[in-house]
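Chains as they are written, first to last, in my numbering: chain A, 47 to 249; chain B, 49 to 372. Note that beta-carbon positions come from the ideal geometry of N, C-alpha and C, so glycine has one too. Reviewing the structure listed below.
As structure tokens, then:
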């Protein structure tokens with residue numbers, strides 16, 4: 047759990063390491079995020095905009111599993127105005143949580159305040175996977191410099207590579223700010239859907 | 049205001065009226081006759097040939113070759129909702145990309161008379177001949193497509209461009225998988241698509257289209273003479289660039305909107321009909337080996353189904369194929 051820098055009412059909840067302990071398969075879970083801002087909570091599809099507060103649905107599912115496997119009837123997590131309630135027997139799925147009396151409320155632009163840095167040790171490394179079948183290119187042209195090299199620092203939205211399918215050159219952007227640890231595919235090689243391309247260490 | 053003056057001259061030309069008087073234009077637009085004259089001069093400076101006849105007024109002679117915003121009009125719902133003409137640019141795709149970064153609206157069309165660095169795939173060049181070709185890019189935000197489906201925009205565009213050319217000229221244009229336009233065995237146009245986004249979300253797609261419209265033999269460098277042609281060289285008569293552009297933009301709009309509502313089958317069946325690669329023996333390079341086989345079909349993702357000489361079947365999603 048990470049508190050937002052600008053106001054404790056905003057909080058981000060991310061627990062990828064627990065996901066591994068619980069043996070959940072990340073690939074089985076759609077990438078939805080549960081957004082918690084103050085008293086409001088909403089579930090939305092993954093669309094990482096810097097500054098959004100987000101809780102991964104898979105993390106909530108991990109929490110649900112903890113509740114299910116325990117003798118707990120209810121788990122209330124409060125944090126300075128934000129409130130996440132998991133109750134046994136309550137509906138679970140698209141919105142497996144409720145918050146105060148304002149579940150699924152719309153969020154205003156001001157609510158998307160900046161998010162705190164990640165805790166150390168929390169999902170330090172991110173694997174970027176191929177979002178489509180195609181040919182992997184490290185540079186925009188054969189004689190151009192590669193988009194990124196091992197050791198480079200990348201920003202959110204910075205192009206990492208191109209995957210070409212049917213003459214559509216698709217520039218894959220980084221979802222995270224971090225350092226390139228490893229490039230897993232050779233230039234001009236075919237890649238399959240979901241094949242790991244890069245390992246990035248969060249900064 | 050220059051655009052409005054051009055639009056009036058263009059509409060008059062469309063309606064078959066040869067001349068518009070300076071007084072009429074001035075009255076319609078609420079400007080002085082001196083201002084009208086000033087804008088006529090500006091239109092001339094941009095390449096418009098405007099004839100002025102005493103007591104008759106102004107007549108736009110080369111309307112069908114003008115690609116300026118005031119001359120081009122389309123009734124579409126997405127494509128062409130915003131329009132920019134540039135006399136010259138490095139490449140319309142590069143310009144479109146800069147405008148995407150700056151926050152342009154969906155449907156933006158960037159047209160250039162000349163490209164200084166027209167781009168093909170992976171840094172290859174594209175021959176651009178001012179006044180004789182058609183070079184433009186269209187910006188879309190295809191939110192209905194996940195990234196693993198965005199490449200379907202290639203066959204969609206290919207069909208839209210091909211249909212527009214066939215409907216306007218009657219020339220037997222066909223498609224070579226996945227993105228080339230061929231006329232009687234020679235390349236007459238190409239499509240270069242660029243998209244961007246993160247793993248789960250397509251942010252934008254830029255559709256770049258180049259068509260060799262009125263190029264003559266002298267315009268085509270000798271090393272391309274055997275493989276490239278133009279609508280003029282192959283069909284024998286000049287094609288109005290402006291009308292062709294309008295036709296392609298509305299065709300693209302129609303196929304795009306239809307695909308959003310009805311899915312890819314709305315253009316894939318047409319693509320299969322127009323694809324000259326199907327049924328032919330081909331060879332291609334894949335994973336550092338050259339393979340040969342027969343192109344058998346197009347699957348639902350637009351991939352080319354190939355039966356290899358060793359009787360195995362595979363689906364190609366990228367790379368070049370050569371028809372044997």
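Residue 97 of chain B is classed as exposed because its beta carbon has fewer than 16 other beta carbons within 10 Å across all chains shown. Straight through space, the alpha carbons of residue 119 of chain B and residue 221 of chain B are spaced by roughly 27 Å. Not a single C-beta of chain B is nearer than 7 Å to the C-beta of residue 224 of chain A. Assigned with DSSP and collapsed to three states, residue 152 of chain B falls in coil, not helix or strand.
A direct Cα-to-Cα measurement between residue 186 of chain A and residue 263 of chain B gives close to 29 Å. Residue 202 of chain A: not part of any alpha helix (DSSP H); DSSP gives it neither H nor E. A distance below 7 Å separates the beta carbons of residue 253 of chain B and residue 201 of chain B.
Ranking B:90, B:111, B:296, B:338 by CA distance to the CA of residue 186 of chain B puts B:296 first.
Per DSSP, residue 301 of chain B is one residue of the alpha helix (DSSP H) stretching across 289 to 310.
When the Cα atoms are used, residue 229 of chain B and residue 240 of chain B turn out to be separated by approximately 12 Å. 7 Å or more divides the Cβ of residue 139 of chain B from the Cβ of residue 116 of chain B. For residue 205 of chain B, no beta strand (DSSP E) encloses it; the enclosing alpha helix (DSSP H) starts and ends at 201 to 217. Residue contact check for residue 226 of chain B against chain A: a CB pair falls below 7 Å.
Interface criterion not met: the Cβ of residue 108 of chain A is under 7 Å from no Cβ in chain B.
Annotated three-state conformation of residue 55 of chain B is helix, per DSSP.
For a cut-off of 8 Å, the C-beta gap from residue 234 of chain B to residue 275 of chain B is around 6 Å, short enough to register as a contact. Two segments are said to touch when three or more pairs of C-beta atoms, one from each, lie closer than 8 Å; by this definition the stretch 298 to 318 of chain B touches the stretch 119 to 136 of chain B. For residue 237 of chain A, the enclosing beta strand (DSSP E) has its first and last residue at 235 to 237.
DSSP places residue 183 of chain A in the strand class (E or B) of the three-state scheme.
Its chain contains 250, 253 as the residues whose beta carbon lies nearer than 6 Å to that of residue 190 of chain B, once the 5 sequence neighbours on both sides are disregarded; these appear in chain order. Only residues of its own chain outside the window of five on either side were considered, and among them 181 have a CB closer than 6 Å to the CB of residue 236 of chain A, listed in chain order.
Taking residue 104 of chain B as the centre and dropping the five residues before and after it, the same chain places the C-beta of 67 closer than 6 Å to its C-beta, in chain order.
Interface with chain B (7 Å Cβ-Cβ cutoff): residue 217 of chain A is included. If you draw a straight line from the Cα of residue 178 of chain B to the Cα of residue 90 of chain B, it comes to about 19 Å. Chain A places a beta carbon closer than 7 Å to that of residue 366 of chain B, counting this residue as a contact. Here the stretch 275 to 292 of chain B makes contact with the stretch 204 to 216 of chain B; the two share three or more CB pairs at distances below 8 Å.
Under the criterion of beta carbons closer than 8 Å, residue 62 of chain B and residue 221 of chain A do not qualify as touching, at roughly 50 Å.
Look at residue 173 of chain A: its C-beta is not under 7 Å from any C-beta on chain B.
What residue 202 of chain B touches in chain A, judged by beta-carbon distance under 9 Å, is 211, 212, 213, 214, going in chain order.
Nearest CB-CB separation between residue 199 of chain B and chain A: below the 7 Å threshold.
Annotated three-state conformation of residue 74 of chain B is helix, per DSSP.
By DSSP's assignment, residue 107 of chain B forms a beta bridge with B:99. For residue 252 of chain B, DSSP records a beta bridge to B:244.
Excluding sequence positions up to five before and after residue 347 of chain B, its CB lies within less than 8 Å of the CB of 353, 363, all in the same chain and listed in chain order. Contact check for residue 232 of chain B against residue 325 of chain B fails: the beta carbons are separated by 7 Å or more. The C-beta of residue 343 of chain B comes no closer than 7 Å to any C-beta of chain A.
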